[in-house]
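S.K.: Structure provided below as structure tokens; questions to follow.
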Amino acid sequence: MIPIGDDNRGRRTTPFVNYTLIVLNVLVFLYEVSLPMDQLEVFVYRFGIVPAEITQGVDIPPLAPFPIYLTILTSMFLHGGWAHLLGNMLFLWIFGDNVEDSMGHLRYLIFYLLGGIGAALAQIFLAGPDSTTPMIGASGAIAAVLGAYFVMYPGGLVRVLVVLGFFITVVMVPAVIMIGLWFLLQLLSGLATLGIETQQTGGVAFWAHVGGFVTGLVLVWVFRDPKAVERQRAARRGYRAFQRW
1 MIPIGDDNRG RRTTPFVNYT LIVLNVLVFL YEVSLPMDQL EVFVYRFGIV
51 PAEITQGVDI PPLAPFPIYL TILTSMFLHG GWAHLLGNML FLWIFGDNVE
101 DSMGHLRYLI FYLLGGIGAA LAQIFLAGPD STTPMIGASG AIAAVLGAYF
151 VMYPGGLVRV LVVLGFFITV VMVPAVIMIG LWFLLQLLSG LATLGIETQQ
201 TGGVAFWAHV GGFVTGLVLV WVFRDPKAVE RQRAARRGYR AFQRW
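At position 47 of the sequence shown the residue is numbered 47 (the UniProt record's numbering), and the sequence of numbers has no breaks.
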């Protein structure tokens, strides 16, 4: 199942923080692909998270141009390939606008970054604190966005592309089911990969997804605006009642 959209009626503000995050991720990736392979490797080691550096407090060459703990933030804007980037940006595009509207622009930005930090720490300490392989990607922060959406809009409908061989269709699935199944898959995959080092671009940091999602589940209660959430829910209910009529 591939989400391709949601029923986001009720949003009243332009999610310019979400749009900015998407643009920044794309621009950084375009810069990555412009680099020769040897320079790209150095770039990823400098700006990605190297777990051993974080847990030991020592910057391993090539050195980052700032304190190594800031790589937890810079790593959120790096990606390991087109599929990695486009998959992440699709999820952020679909779910981030409603979450931003329900929190406000500044609070959403802080929530997003804290979600990415929680995701990175979960991956570091559950999947290999001594690893020297860089971790990159916005997946953990986006998982936090999914956690917030799960809490605030469980009845929201997500348009999902279903591909079964030659059979292709689009169905509407409640967010609680779609996101719930996604989280269950990440959790089971994370349990299956415990003790296996995640590769720079070939592996999936499942514990970052789990950690980001759980961080989002917790922080949403601090950052959400209950009035905005209820406004969006009411708009959805009204639209569906109109459709039935």
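Built from N, CA and C at the ideal position, the CB exists for glycine as well.
No experiment lies behind these values; they were computed from the predicted model shown.
Given this structure, state the Cα-to-Cα distance separating valine 17 from leucine 90, to the nearest angstrom.
M.R.: 15 Å
S.K.: So the candidates are Leu146, Thr193 and Gly156; which of them puts its Cα closest to the Cα of histidine 220?
M.R.: Sequence inspection shows valine at residue 220; the histidine mentioned does not correspond to that position. Measuring from the Cα of valine 220, the nearest candidate turns out to be Leu146.
S.K.: Span of the beta strand (DSSP E) holding phenylalanine 77?
M.R.: From DSSP, phenylalanine 77 is part of no beta strand (DSSP E); its letter is neither H nor E.
S.K.: Where do the ends of the beta strand (DSSP E) carrying leucine 161 lie?
M.R.: 157 to 164
S.K.: Mind checking which residues open and close the alpha helix (DSSP H) that includes phenylalanine 150?
M.R.: 139 to 152
S.K.: Any contact of the segment 111 to 127 with the segment 205 to 215, i.e. 3+ C-beta pairs under 8 Å?
M.R.: yes
S.K.: Considering glycine 5, what are the terminal residues of the beta strand (DSSP E) in which it resides?
M.R.: 2 to 6
S.K.: Helix, strand or coil, according to DSSP, for proline 61 in the structure here?
M.R.: coil
S.K.: Aspartate 74 to glycine 48, Cα distance in whole Å?
M.R.: The question names aspartate, yet the displayed sequence has threonine at residue 74. Whole-angstrom Cα-Cα distance: 7 Å.
S.K.: So is glycine 81 buried or exposed if we call it buried at 16+ other beta carbons inside 10 Å?
M.R.: By the neighbour-count rule (16 or more Cβ atoms within 10 Å), glycine 81 is not buried but exposed.
S.K.: Can you list, in chain order, the residues of its chain with a C-beta nearer than 7 Å to that of valine 44? Leave out the 5 residues immediately preceding and following it.
M.R.: Leu78, Pro134, Ile136 and Gln200
S.K.: With burial defined as no fewer than 16 other Cβ atoms inside 10 Å of the residue's Cβ, what is the status of valine 158: buried or exposed?
M.R.: buried
S.K.: CB-CB under 7 Å to phenylalanine 206, same chain, minus the five flanking residues each way: which ones, in chain order?
M.R.: Hits under 7 Å: Gln186, Ser189, Gly190 and Thr193.
S.K.: Under the rule that 16 or more other beta-carbon atoms within 10 Å means buried, what is threonine 71, buried or exposed?
M.R.: Threonine 71 should be labelled buried.
S.K.: Would you verify that the beta carbon of isoleucine 22 is, or is not, closer than 8 Å to some beta carbon of chain C?
M.R.: Reference to chain C is not applicable here, since this structure consists of a single protein chain.
S.K.: Pull up the DSSP beta-bridge partners for phenylalanine 167, would you.
M.R.: Leu164
S.K.: At what residue ranges does the segment 205 to 238 contain a whole run of the alpha helix (DSSP H), taking only runs of 4 or more?
M.R.: Correct list: 206 to 223.
S.K.: Could you tell me which residues DSSP puts in a beta bridge with methionine 172?
M.R.: Methionine 172 pairs with Arg159.
S.K.: Distance check for methionine 37 and arginine 11, CA to CA, integer angstroms please.
M.R.: 43 Å
S.K.: Give the C-beta separation of tyrosine 19 and phenylalanine 95 to the nearest angstrom, bearing in mind that I take them to be a contact with Cβ-Cβ under 8 Å.
M.R.: Incorrect: roughly 14 Å between the Cβ atoms, too far for contact.
S.K.: Would you mind stating whether histidine 209 and glycine 140 have Cβ atoms separated by less than 8 Å?
M.R.: yes
S.K.: With contact counted as at least three CB pairs below 8 Å, one residue from each stretch, are the segment 125 to 134 and the segment 51 to 65 in contact?
M.R.: yes
S.K.: By Cβ distance, which residues of its chain are closer than 8 Å to isoleucine 168, with the 5 residues on each side in sequence left out?
M.R.: Leu161 and Val162
S.K.: Leaving out five residues on either side along the sequence, give the residues of the same chain with a beta carbon under 7 Å from the beta carbon of valine 50.
M.R.: Ile60, Thr132 and Pro134.
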